[in-house]
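Residue numbering for the sequence shown follows our numbering, starting at -15 and increasing by one per position.
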Amino acid sequence: MGAIFAALYISTFGPRTGWVPGVLSGVLGGAVVFLLLKEVDERRRRKLRAQKFPPPPIRRKHRREK
């Protein structure tokens, strides 16, 4: 998806703004899209894993009364 974004950005803004800024912006934008989608997928996996295997209950130590 990041590569598709980069290709579309470069092909759209390359002729308008110049090829060097268009390519640079497209590559950086594609990297941001890739990292964003990667983080969204990782959070979704963590949420599903937490629902499937809930954490064990927390054992609390009781205070002794004097």
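Virtual Cβ for every residue (Gly too), placed ideally from N, Cα, C.
- Ranked by Cα distance from glycine 13, the options Ile42, Arg44, Pro41, Ala(-9) are led by Ala(-9).
- In this structure, phenylalanine 18 places its C-beta atom within 8 Å of the C-beta atom of glycine -14.
- Going by DSSP, isoleucine 42 is part of no alpha helix (DSSP H) at all; its letter is neither H nor E.
- By the CB criterion at 8 Å, isoleucine -6 and valine 7 fall inside the cutoff.
- If you draw a straight line from the Cα of alanine 15 to the Cα of phenylalanine 37, it comes to about 33 Å.
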